[in-house]
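Asks:
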Amino acid sequence: MNMKKHSKILICVLLLFVSQNSWGEDGYKLWLRYAPIAEASRAEFINSILGKPVVFGTSATDSVIIKELGLASEGFFGKELLVSQKLGEGTSLWIGTLGNCELLQEAKLKARIETLGEEGYLIDYISYENKKYLAVAGATERGALYGVFHLLRLLQTKSSLPDLPIKSSPKITRRVLNHWDNLDGTVERGYAGFSIWDWHRLPDYISPRYIDYARANASIGINGTVLTNVNANAFTLTPLYLEKVAALADVMRPYGVQVYLTARFSSPIEIGGLETADPLNPEVRAWWKAKVDEIYEYIPDFGGFLVKANSEGQPGPQNYDRSHADGANMMAETLAPHGGVVMWRAFVYSHEAPDDRAKQANNEFEPLDGKFLDNVFIQVKNGAIDFQPREPFHPLFGAMEKTALGLELQITQEYLGQGTSLAYLAPLFKECLDSDTFSPKKGTTVAKIIDGSVQGKKESLIAGVANIGTDRNWTGYQFGQANWYAYGRLAWEYELSSEEIAEEWIGQTFGTNQQLMSNAKAIMMASREAVVKYMTPLGLHHIMGRNHHYGPGPWVDGGSRPDWTSVYYHKADKEGIGFDRTASGSDALSQYAPEIEKLFSNPKTCPDKFLLWFHHLPWDYKMKSGNTLWEEMCLKYDEGVKNVGKMRKQWDEVKPLVDDERHAEVATFLKIQEKEARWWRNACLLYFQTFSGKSFPKNIEQPEGELSYYKSLVFPYAPGIKPRW
Ligand code: GCW
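Numbering (the numbering used here), first residue to last: 6 to 730.
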């Protein structure tokens, strides 16, 4: 090889090395950055706590704790951390559980820790033999792990400890992510690349991503993951895949993350060689029992099944004239001896049913109240249609007093701008959690129903449809991480405010600079409402493009099912717009408690944000603001666009305070968002104008372009499209 060639190769190798190492701030590290500490006072504070830790236990979870403390020290100070197992000279931090640290009992902490439950923790100063220590203690290693992550969050964002003690335990016992990931690596409604599960290389290759995924979840208290799509593939339950699932479960276990799978109802036929999947057929029951026993041989702490049945073409018990209870109970019976659960989805609706789609889940499930076994959860979406930018809470939450109900939220932004639009979802999640169902009485919020407190249930469930994929930044766009984060934090403690969660996340993800904090928070807090305004203001819903749901499609009509069109939902005509769900219309309001029915039935008392969800009103209808409905709608669409303009400006202002790579990415995506917001406003207003016949108010930016142009846009390869069957 001549010298010239040689040096060329060397340069290439060097470039590769440099480019790999310049990946520092691409978002991969999420909120667990442990960024180098420059200020002496913060360095001193962190050092006084992290300096000399003792971790008493020796379990796999204790190793995880030790590793995480080490990563933090590496990040903050670039130095290794020596963790000891015994108290010694200068011990600063003491981490233990009742099981692994007798000293905790001697230090009279037993009673205090026991009341915190299995996953709770206590952070407090304790005195032992005349010395003072900072202790992170849990009844179990998992509790201690969550406590350590809490402490690390404080170290990343504060300059001193807040008032102690800190005592925390989760309000909901099963805090689960739902991946809509397919075995071929695609992700239904996934906008962040492909599935992070590398099925083909499993079980032999364990990607470091799996470990970082488990760390991230543990850091926010997520303790379960459903690995596969609810539009399920029976193949997942074959030995070939169970071995792979077991390898993933081994990775997750030390982080306290339990693994679950989706179960296709027709599996006994597809992989079991039976002729039926009738849940009352003895052979079918025996097949499921054997299958479940087999799964537990691979994964002794398997969490259970998530099932989508008799919905959107998925098979289910109704194929055999059996009820959802027959189907769910059959599976639950086989899981119960192992401690597993069934999460049976209430997302069922049929285009053959003549009733309003918003009513169908209640129609199906209410009569079954009290018929489900104890280890069945009915998993209910936040709203009765489908993860819209805004929906009133699902009436089922107030309608099943004897059944354990879980809440399903969508973290991935199927209907909120998908992979580029900044929409901070904590306000959306909280809007549902904080809704008063008035069932059985005032003050019974959705949160109190799903945490089991109203019904006195020990087990409870919350699920979030994941927004995670193979993109370097995990979630497609940087601020998408905040939605994963917010979901976990609210699942643990739904009383946290959206602002508090935003502050925590910004501090860890970008830094604690005041101006950065204030601008980023303002952007986040305005973002979801902006999306609602430029897509579906005043209670409009489901007017996105057909199937891919990307961009506006209020004109979508025809096709195989009316309930998959937009005109079904907005019902615009010459007279007015909106879906009449009062007693004179579909009467969906009668599914709510009388207090809500009364309030929402009258357009004068119905909150504006839900107006067109429940009412069909004339274009000239006088709004509370004094504007006509048409004017108000135009103003809202326009305001939404302007809000995004403001978000862009606020982000530009913090350029010097954010690393170049992430700043530029966010800035570019906000630009895309503004373009899309205009597109939404223009397309929707031009379309609705064909019914209202009115001109646009003078004080809005006039919608540009031709309606025919907007209608002509097609996106056959938009990401995340649902497979057709
Ligand atoms: O939101 C809709 C989606 C489908 C999804 C379905 C569901 C997994 O468009 O892609 O299928 O809901 O929740 O089952």
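Beta carbons are placed, not taken as given, at the ideal position from N, Cα and C, and that holds for glycine.
Just so we're clear, the structure is a prediction, and the values are computed from it rather than from any experiment.
According to DSSP, simplified to helix, strand and coil, what is Thr514?
Replies: Helix, per DSSP.
Asks: Once you ignore the five residues that flank Ser27 on each side, which residues in its own chain have a CB closer than 7 Å to its CB?
Replies: The predicted position of Ser27 is uncertain, since its pLDDT is 41 and thus under 50; no value can be drawn from it.
Asks: Counting only the same chain and skipping the five closest in sequence on each side, list residues whose C-beta sits under 7 Å from that of Asp203.
Replies: Counting only Cβ-Cβ distances below 7 Å, and skipping sequence neighbours, we find Tyr210, Ser212.
Asks: So, under 8 Å CB-CB, Val381 and Trp349 are touching, yes? Tell me the CB distance rounded to an integer number of Å.
Replies: The pair is a contact, with the Cβ atoms about 6 Å apart (cut-off 8 Å).
Asks: Are the CB atoms of Glu692 and His554 nearer to each other than 7 Å?
Replies: The sequence shown places Tyr at residue 692, rather than the Glu named in the question. It is not a contact, given that the beta carbons lie outside the stated cut-off.
Asks: Under 7 Å Cβ to Cβ from Glu709, same chain only, skipping five residues before and after it: list those, please.
Replies: Contacts found: Asn687.
Asks: State the start and end residues of the unbroken alpha helix (DSSP H) segment that holds Pro58.
Replies: Premise fails: Pro58 lies in the beta strand (DSSP E), 58 to 60, not in any alpha helix (DSSP H).
Asks: In the DSSP assignment, find the unbroken alpha helix (DSSP H) run with Ser532 in it and report its ends.
Replies: 519 to 540 is the extent of the alpha helix (DSSP H) around Ser532.
Asks: Please say whether Lys579 and Phe696 have beta carbons closer to each other than 7 Å?
Replies: Yes, Cβ-Cβ distance for Phe696 and Lys579 is below 7 Å.
Asks: Quick check: what's the CA-CA separation for Gly512 versus Thr339?
Replies: Looking at the two C-alpha atoms, the distance is approximately 46 Å.
Asks: Assuming the contact rule is C-beta atoms closer than 8 Å, Pro394 and Val537 should be a hit. Round their C-beta distance to whole Å, please.
Replies: About 4 Å; that satisfies the 8 Å criterion.
Asks: When you compare each of Gln110, Pro608, Phe434 to His621 by their alpha carbons, which one comes out closest?
Replies: Minimum Cα distance to His621 is reached at Pro608.
Asks: Touch check for the segment 227 to 245 and the segment 326 to 334: three-plus C-beta pairs under 8 Å?
Replies: Not touching, per the Cβ criterion.
Asks: So Leu640 is in the beta strand (DSSP E); what residue range does that whole segment cover?
Replies: No beta strand (DSSP E) holds Leu640; the alpha helix (DSSP H) holding it covers 634 to 658.
Asks: For the alpha helix (DSSP H) that contains Tyr492, what are its first and last residues?
Replies: Tyr492 -> alpha helix (DSSP H) spans 485 to 497.
Asks: Ser606 lies in the alpha helix (DSSP H); which residues open and close that run?
Replies: That run of the alpha helix (DSSP H) goes 599 to 606.
Asks: By the three-class DSSP mapping on this structure, what secondary structure does Trp36 have?
Replies: Trp36 falls in the coil class under three-state DSSP.
Asks: Under a three-way DSSP split, which group does Arg667 fall into?
Replies: Of the three classes helix, strand and coil, the one that applies to Arg667 here is helix, per DSSP.
Asks: Starting from Val264 and walking both ways along the alpha helix (DSSP H), at which residues does that stretch end?
Replies: Unbroken run through Val264 is the beta strand (DSSP E), 263 to 267; no alpha helix (DSSP H).
Asks: Among Pro167, Leu634, Lys576, whose alpha-carbon lies nearest the alpha-carbon of Leu543?
Replies: Out of Pro167, Leu634, Lys576, Leu634 has the C-alpha closest to the C-alpha of Leu543.
Asks: Whole angstroms is fine: what's the gap from Gln470's alpha carbon to Thr162's?
Replies: The identity of residue 470 in the sequence shown is Val, whereas the question assumes Gln. Roughly 28 Å between the two C-alpha positions.
Asks: Which of helix, strand or coil does DSSP assign to Asp67?
Replies: Helix at Asp67.
Asks: Just the Cα atoms here: how many angstroms apart are Pro724 and Ala358?
Replies: Approximately 30 Å between the Cα atoms of the pair.
Asks: Quick one: give me the first and last residue of the beta strand (DSSP E) that Ser173 is part of.
Replies: Residues 171 to 173.
Asks: Measure the Cβ-Cβ separation of Val250 and Asn228 and say whether it is below 7 Å.
Replies: No, the pair does not count as a contact, with Cβ atoms beyond the cut-off.
Asks: Just confirm the distance between the C-beta atoms of Leu414 and Tyr482, as a whole number of angstroms; I'd bet it's less than 8 Å.
Replies: Not confirmed; about 19 Å, so no contact.
Asks: From this set, Pro567, Pro167, Asn187, Lys651, which residue's C-alpha is nearest Leu427's C-alpha?
Replies: Residue Lys651 is the option with its Cα nearest to Leu427.
Asks: Which of the three DSSP states, helix, strand or coil, is assigned to Val719?
Replies: Of the three classes helix, strand and coil, the one that applies to Val719 here is coil, per DSSP.
Asks: Threshold first: 3 residues or longer. Then list the beta strand (DSSP E) segments lying entirely within the segment 219 to 259, N to C.
Replies: Listed in chain order, the complete beta strand (DSSP E) runs (minimum 3 residues) inside the segment 219 to 259 are 229 to 231.
Asks: Could you name each continuous alpha helix (DSSP H) segment of 4 residues or more that falls completely within the segment 109 to 187, going from the start of the chain to the end?
Replies: Whole alpha helix (DSSP H) segments, 4+ residues: 115 to 119, 146 to 162.
Asks: Comparing alpha-carbon positions, which option in Ser46, Ala48, Gln90 lies nearest Ser64?
Replies: The shortest C-alpha separation from Ser64 is found at Gln90.
Asks: When you compare each of Leu35, Val69, Ser78 to Glu49 by their alpha carbons, which one comes out closest?
Replies: Out of Leu35, Val69, Ser78, Ser78 has the C-alpha closest to the C-alpha of Glu49.
Asks: Whole angstroms are fine: how far does the CA of Thr267 sit from the CA of Ala239?
Replies: Straight-line Cα distance between these residues: approximately 9 Å.
Asks: Within the present structure, is the beta-carbon of Trp185 separated from the nearest heavy atom of ligand 1 by less than 6 Å?
Replies: Result yes, Cβ under 6 Å from ligand 1.
Asks: Can you look up Asn26 in the DSSP assignment and give me helix, strand or coil?
Replies: For Asn26, the predicted model reports a pLDDT of 38, less than 50, meaning its position is unreliable and no value from the coordinates is stated.
Asks: Considering Cα atoms alone, identify which of Leu98, Phe701, Glu658, Gln707 is closest to Gln519.
Replies: For Gln519, the nearest C-alpha among the options comes from Glu658.
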